[in-house]
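A.B. asks: Under full-length UniProt numbering, read the sequence shown as residues 1 to 131, first letter to last.
No residue lacks a Cβ here, since even glycine has one placed at the ideal position from N, Cα and C.
Just so you know, these numbers come straight off a predicted model, no measurement behind them.
Have a look at the structure that comes next, please.
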Amino acid sequence: MMRPGPVRWVAYQYGGRLPEQYRDWVLHDATCRTWVLRVLIRGLLQIAPIGVVLFLALGLLGGAWPIAAGALLLGVLVVARIVLTSSVDSVDSRLTEYGLPPGYGSAVRRQRDAEAAERYRAVWRQDPPES
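This is how it looks when you write it as structure tokens:
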């Protein structure tokens with residue numbers, strides 16, 4: 001699996017499309033154990049430049065720094081909520097852009113979770129020996 005370099009990764013985070021050779025990495029990005037964290041980081045990176053500009057504008061143009069910091073925090077929380085509530089659909093949509101069937105990412109994650117649950121049951125949920 002080829003990982004994109006820093007420049008391509010940043011472009012990908014801002015909505016750019018990676019070349020076909022990175023398709024396996026895109027699938028990994030959408031289905032790994034930390035996929036929700038990756039989606040959240042992507043959303044926060046996309047809003048970061050706007051947040052910095054607004055924070056500086058509020059602080060430098062006569063506004064109080066605590067109010068600017070509070071506004072920035074509120075904006076980050078709103079963006080995080082929006083990103084997380086639409087994460088499944090946005091990831092599945094991104095995978096369809098790379099030629100995978102609709103809902104493929106969700107199916108892969110469900111399968112992985114079912115296998116992990118089965119491994120857990122096999123190790124920790126054994127019936128006690130009968131005496």
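If you scan the region 28-90 from start to end, which runs of the beta strand (DSSP E) of 3 or more residues do you find wholly inside it?
C.D. replies: Within the region 28-90, no complete beta strand (DSSP E) run reaches 3 residues.
A.B. asks: DSSP state of E130, grouped into three classes?
C.D. replies: If DSSP states are grouped into helix, strand and coil, E130 belongs with coil.
A.B. asks: Need the endpoints of the alpha helix (DSSP H) that P6 sits in, please.
C.D. replies: Here the alpha helix (DSSP H) through P6 covers 6-13.
A.B. asks: Put R110 into one of helix, strand or coil per three-state DSSP.
C.D. replies: Note: R110 maps to helix in three-state DSSP.
A.B. asks: Report the three-state DSSP secondary structure of Y98 (helix, strand or coil).
C.D. replies: Coil, per DSSP.
A.B. asks: Around the C-beta of V26, are 16 or more other C-beta atoms found within 10 angstroms, so that it is buried, or is it exposed?
C.D. replies: That one is buried.
A.B. asks: Look at the Cβ atom of V91, then the Cβ atom of G70, and state whether they are nearer than 7 Å.
C.D. replies: Contact: no.
A.B. asks: Which word fits P4, buried or exposed, when buried means at least 16 other C-beta atoms lie within 10 angstroms of its C-beta?
C.D. replies: It counts as buried.
A.B. asks: Taking the alpha-carbon positions, what's the F55 to P49 distance?
C.D. replies: Taking the straight line from one Cα to the other gives about 10 Å.
A.B. asks: Rounded to whole angstroms, what is the Cα-Cα separation between L84 and P102?
C.D. replies: So the alpha carbons of these two residues sit roughly 19 Å apart.
A.B. asks: Note down the Cα distance separating Q126 from T34, rounded to an integer number of angstroms.
C.D. replies: Spanning the two alpha carbons is a distance of roughly 29 Å.
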